[in-house]
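Quick note, the sequences are listed as chains Y and E, same order.
Okay, so the first sequence: first residue is 1 according to the working numbering, each after it adds one.
Okay, so the second sequence: first residue is 654 according to the working numbering, each after it adds one.
Report on one structure; see the data block that follows.
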Amino acid sequence: MREFARQILAVLLTVTVAVGVSGALWVLANLLVNRMRDSSVRATYVSRALTGFVVASVLSGNRLTQYATAAAGASFVRSLVQWIWLPLIVAVAVGAFTFVAERLKRRERRIIAEVLLIGTVGGVLGALLVDTARPNIVAGEVALIATLSTLLFGTVGAIAHRGVRTLAVLRMALLGAVAGLVLGAWGVGDLGASSARSSIVLGAIIGCLVGTRWALVPAVSREHRVAREHRARTAVFLAPALGFIAIALVIPSLRTIYLSLLDRKGSTFVGIDNYASIFRDPKAWDMSRFGSLWTSRLTVAAGVCFLVFVLLAVRSRRRSGHFVEYGSASAPLLVLAVMFAGFAVFSTLRGTLVNNLWWVFVVTALSTGLGLLIAVLADGVRFERTAKAIIFMPLAVSMVGASVIFRLVYISRDASKPQSGTLNALWVGLGSLSTGDGFARLVVGVLVLVPTALALLAVTRSLVRRQWTKIALPAAVAGGGIWFSLRYWQLIGTGLGGQRVGKSGEIIADPINFLQEPPFNNFWLMLVLVWIQTGFAMVIFSAAIRAVPRELTEAAAIDGADTQQIFWRVTMPQIGPTIGVVATTIMVLVMKVFDIVKVMTNGNFGTEVLSNNMYREAFYNLDIGLGAALAVLIFVSVLPIMYINIRRMNRTT
Amino acid sequence: MTAHTQVRNTEAGPITWLYGRLRRLPVAGLWLIVVVWSLPTVSLFINSWRSRDDQRGSGWWTVQPGELTLDNYRQIFETNVNTNLGKSLLNSIAISIPATIIPISIAAFAAYAFAWMNFKGRKALFIATVSLLALPLQVALIPLLQLYVGGAHVTISWIDKTITLFPDLNLVNTTTAVWLTHTGFALPFAIFLIHNYIAGLPGEIFESARVDGADHFTIFWRLVVPLSIPVLAAFAIFQFLWTWNDYLIANTMAGTNPNALPTTILIANLAGDFGTNEHLLPAAAFIQTTAPLAVFFSMQRYFVRGLIAGAVKG
Numbered sequence: 001m002r003e004f005a006r007q008i009l010a011v012l013l014t015v016t017v018a019v020g021v022s023g024a025l026w027v028l029a030n031l032l033v034n035r036m037r038d039s040s041v042r043a044t045y046v047s048r049a050l051t052g053f054v055v056a057s058v059l060s061g062n063r064l065t066q067y068a069t070a071a072a073g074a075s076f077v078r079s080l081v082q083w084i085w086l087p088l089i090v091a092v093a094v095g096a097f098t099f100v101a102e103r104l105k106r107r108e109r110r111i112i113a114e115v116l117l118i119g120t121v122g123g124v125l126g127a128l129l130v131d132t133a134r135p136n137i138v139a140g141e142v143a144l145i146a147t148l149s150t151l152l153f154g155t156v157g158a159i160a161h162r163g164v165r166t167l168a169v170l171r172m173a174l175l176g177a178v179a180g181l182v183l184g185a186w187g188v189g190d191l192g193a194s195s196a197r198s199s200i201v202l203g204a205i206i207g208c209l210v211g212t213r214w215a216l217v218p219a220v221s222r223e224h225r226v227a228r229e230h231r232a233r234t235a236v237f238l239a240p241a242l243g244f245i246a247i248a249l250v251i252p253s254l255r256t257i258y259l260s261l262l263d264r265k266g267s268t269f270v271g272i273d274n275y276a277s278i279f280r281d282p283k284a285w286d287m288s289r290f291g292s293l294w295t296s297r298l299t300v301a302a303g304v305c306f307l308v309f310v311l312l313a314v315r316s317r318r319r320s321g322h323f324v325e326y327g328s329a330s331a332p333l334l335v336l337a338v339m340f341a342g343f344a345v346f347s348t349l350r351g352t353l354v355n356n357l358w359w360v361f362v363v364t365a366l367s368t369g370l371g372l373l374i375a376v377l378a379d380g381v382r383f384e385r386t387a388k389a390i391i392f393m394p395l396a397v398s399m400v401g402a403s404v405i406f407r408l409v410y411i412s413r414d415a416s417k418p419q420s421g422t423l424n425a426l427w428v429g430l431g432s433l434s435t436g437d438g439f440a441r442l443v444v445g446v447l448v449l450v451p452t453a454l455a456l457l458a459v460t461r462s463l464v465r466r467q468w469t470k471i472a473l474p475a476a477v478a479g480g481g482i483w484f485s486l487r488y489w490q491l492i493g494t495g496l497g498g499q500r501v502g503k504s505g506e507i508i509a510d511p512i513n514f515l516q517e518p519p520f521n522n523f524w525l526m527l528v529l530v531w532i533q534t535g536f537a538m539v540i541f542s543a544a545i546r547a548v549p550r551e552l553t554e555a556a557a558i559d560g561a562d563t564q565q566i567f568w569r570v571t572m573p574q575i576g577p578t579i580g581v582v583a584t585t586i587m588v589l590v591m592k593v594f595d596i597v598k599v600m601t602n603g604n605f606g607t608e609v610l611s612n613n614m615y616r617e618a619f620y621n622l623d624i625g626l627g628a629a630l631a632v633l634i635f636v637s638v639l640p641i642m643y644i645n646i647r648r649m650n651r652t653t
Numbered sequence: 654m655t656a657h658t659q660v661r662n663t664e665a666g667p668i669t670w671l672y673g674r675l676r677r678l679p680v681a682g683l684w685l686i687v688v689v690w691s692l693p694t695v696s697l698f699i700n701s702w703r704s705r706d707d708q709r710g711s712g713w714w715t716v717q718p719g720e721l722t723l724d725n726y727r728q729i730f731e732t733n734v735n736t737n738l739g740k741s742l743l744n745s746i747a748i749s750i751p752a753t754i755i756p757i758s759i760a761a762f763a764a765y766a767f768a769w770m771n772f773k774g775r776k777a778l779f780i781a782t783v784s785l786l787a788l789p790l791q792v793a794l795i796p797l798l799q800l801y802v803g804g805a806h807v808t809i810s811w812i813d814k815t816i817t818l819f820p821d822l823n824l825v826n827t828t829t830a831v832w833l834t835h836t837g838f839a840l841p842f843a844i845f846l847i848h849n850y851i852a853g854l855p856g857e858i859f860e861s862a863r864v865d866g867a868d869h870f871t872i873f874w875r876l877v878v879p880l881s882i883p884v885l886a887a888f889a890i891f892q893f894l895w896t897w898n899d900y901l902i903a904n905t906m907a908g909t910n911p912n913a914l915p916t917t918i919l920i921a922n923l924a925g926d927f928g929t930n931e932h933l934l935p936a937a938a939f940i941q942t943t944a945p946l947a948v949f950f951s952m953q954r955y956f957v958r959g960l961i962a963g964a965v966k967g
């Protein structure tokens, strides 16, 4: 128990320190910027002291690395103290000397004082640094880097100021010289690593240059000060975010692209070999079973749907001028035809890439469609909030948790034992009902027949009244009911559900191993994500439906439109763009789906997806090149969506 | 009143009555969906109270009040490193809290700058930042892990020297690495969400504040932060749920250190060792889910508002 309390304290302490330190730094930066405007001179001391601090800590920089690496033995605080005392002294010295130098009225004196004083600081800094055992400093290289960056910054200054003001160019060149020297001294060899003399000289040179640079600052006008404050403020507000984004997102992404062109250890350049091996691998893209597409039942279903669609579309065209519209009788059939065709194609192809596309297709379509359906159904119903909260709740459940939850749904046990998984219990139970006899069988059969009959009634009614748009839903219900009944009462086939006839004519339970029977185990995995994402779609659509201007629907109602017409002709066109937003959001999410596959099948039984493949290659097989190439593939696959998003944002902002 | 009744009476017939019932069918469908949606969670909850043998031998719907037991919950808090949920709950907290608070503040500064400060290239920078929203985090994982493992170094071959750009801070396999990564990945969305809200605040109040001599820092601190509490809360909920539920980043950055595992990895590992600890899964998953569900139900309104602001206005 005490151990536990100690751990909690440690966690809280870490959190407080992390949040507190970063917050304090930011507030301090802002206060400094405030000073810049109100009392410019004092702000100068502080900013110069800070510069001194930064330069000194960079010059002793590699030592920071050393201490942090050796942190296993030494305490963090001690190494921090060891590192920070020098920069602190330099900062105080620089601040104080600037204070002294700025007192001088005559400009020439000031320049001389600053150069001398800051140069001295630099020299002392160099001397103090002589205590590390580091590779010898290479003066030539430092000089080379310094010269190069002097030229570079000088040119930049010349271009920036159109070459008019020599002073400005000189200032930029000095800045470049300092940067070059510091970088050179830090990177090429630690300053203070060789003889005391060269350290002091180099430190003094840096100091003199910094001093000259500061002394050349002209008297500041008010506008200049305001502009400077504004620039500094913008930087203070933006820098943390942009810095984090650069370090955590932009640079790593670019590096991944680079790594994807290297071999498995990330050392030799191999060109596009990694990509080629992905596309050549039959595990990624296997078309060998494509021939069975034409005999698949799904293809037949798609074909039938498409035929009926064509018939209805021609009719619709004659009536309204369009083959398909929101809510026309032809629309659901087209959707069905596309769904069936998609399933037919994806279930004959195999491989990682195919699975990913299948995921995108199914999860996007089902989540968006179901979300819209539920949003419409729940609009204005009693207990609307409860219903929505329950649909919405899975969004708060982790994908790992959802996978555990759905294991309980999908478990399959040996046929001889009772099923403990929900779906298999239902499936096998249905099978024993359908093939057995008795009261329960009758009850279930009649329970299905009643809504079927009612739906048939509705279809007849719509047919008589010639209300074509109202046929779709009842017809679907009736059709489903009739099919179910035909199979259930064994009028076609040997009954419905998880059962089969054994050798000696006895009936055996036949559970489905949902997670291990390809290709449709993919589909059962997708349902987990549908379970999670439908709530998201529903919430967005609910809001979009609410946001449709009341005047529009009321005007339509006054013009004599019924509820369905209002929905299809007024509401749907209004929420059209929202459907696009929801679909693209879900697509991005699905493209990188990982947790569910990893936890439920780990990509076995033909359920591999790009993201899991990438994880396996990069972090288990330690093939960095191939892993990076797979990551780039995921990236490329969301590029179109990124483009769409950017275009949309460009329009709205 | 009477006339109305009469009109209805003339139309009323068995068919019309039936049809009236039929129109209720969609609502019944809705509740059917609701039941289907909640069943998986219910089954998890029930199974978490059943013993190992009961869970294996029969389905959750056969539960008897007598067979309920607390054993699973007791077992997952016992001090076995591989199944101890207490430690991993702490790790989850140590990841989620900084990964929620730090990005909020950083993103709020940037969002304010993008919304109310004038500088060159503002729009381009904003769009570039926000376009990273769709960037799959897998793209950044390998280099980030390399950064945490050994720092970043550039070797310049013609002078045969290695320059350290980023020191090796020995971050790999710590919760710090996990929340640092989360912070970076969360920023584009956070900036986008908070910017949408802040940009919609009335500009007049800022103008009058500026006339009174307030600078950006004061305006941000005294006006913008109090006014944008709803969106900050919305993002906080999002980010908390996301970091608490994350598996990929945690597994990559801290997956091999048993002392730094958050709950999701613990559960995934339990699910991986088929058989031995399977009966603990429902209880562990249920506890893991409790925190996000509590946050979610107590602050649902903010959450929904954030979701809508993120999607509809985009």
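Ideal placement from N, C-alpha and C gives every residue a C-beta, glycine not left out.
Pair within 8 angstroms by beta-carbon distance, residue i and residue j
i	j	result
Y:A425	E:G712	yes
Y:M600	Y:R407	yes
Y:A241	E:I757	no
E:L933	E:Q728	yes
E:M906	E:V792	no
E:L846	E:F888	yes
Y:G606	Y:A618	no
Y:G95	Y:R48	yes
Y:A375	Y:I545	yes
For residue j and residue i, the rounded distance between their alpha carbons
i	j	result
Y:I391	Y:F567	22 angstroms
Y:A239	Y:A232	10 angstroms
E:R875	Y:L32	18 angstroms
Y:I579	Y:I508	46 angstroms
E:P789	Y:I482	46 angstroms
Y:G625	Y:G351	20 angstroms
E:T663	E:T669	Residue placement at E:T663 is poorly supported in this model, since its pLDDT is 47, which falls under 50; the coordinates are not used for a value here.
Y:R222	E:P841	36 angstroms
E:I750	E:I858	33 angstroms
Y:D623	Y:E3	40 angstroms
E:F762	Y:A29	13 angstroms
E:A936	E:E731	13 angstroms
Y:N356	Y:N522	10 angstroms
Y:I641	Y:R648	11 angstroms
Y:Y620	Y:E551	60 angstroms
Y:L262	Y:L254	13 angstroms
E:N990	E:K740	The question about residue 990 of chain E has no answer, for chain E in this structure spans 654 to 967.
Integer-rounded CB distance, given that residue j should sit under 8 angstroms from residue i
i	j	result
E:L743	Y:V11	6 angstroms
Y:I670	E:P693	In the structure as shown, chain Y begins at 1 and stops at 653. Residue 670 of chain Y is therefore absent and cannot be evaluated.
Y:A453	Y:P474	Actually they do not touch by this definition, with Cβ atoms about 11 angstroms apart.
E:F950	E:I890	So it is not a contact: roughly 11 angstroms between Cβ atoms.
Under 9 angstroms from the C-beta of residue i: neighbouring residues of chain C
i	result
Y:L408	The structure shown contains no chain C; the protein chains it does contain are Y and E.
inquiry  = So within the segment 358-407 of chain Y, which uninterrupted alpha helix (DSSP H) runs reach at least 4 residues, ignoring any that extend past its ends?
reply    = 384-392
task = Enumerate, from N- to C-terminal direction, the unbroken beta strand (DSSP E) stretches of 3 or more residues contained entirely within the segment 462-540 of chain Y.
result = 499-501, 507-509
Start-end ranges of the alpha helix (DSSP H) lying completely within the segment 221-293 of chain Y, minimum 4 residues = 222-245, 251-259, 273-280
inquiry  = Below 8 angstroms, how does it come out for the segment 293-303 of chain Y and the segment 357-366 of chain Y: are there three or more Cβ pairs, yes or no?
reply    = no
ask   = Taking only runs of the alpha helix (DSSP H) that begin and end inside the segment 897-949 of chain E, which ones reach a length of at least 4 residues, in chain order?
value = 901-907, 916-925
ask   = So, do the segment 493-501 of chain Y and the segment 428-441 of chain Y have three or more beta carbon pairs nearer to each other than 8 angstroms?
value = yes
ask   = Pairing CB atoms from the segment 332-339 of chain Y with CB atoms from the segment 309-322 of chain Y, are three or more of them under 8 angstroms?
value = yes
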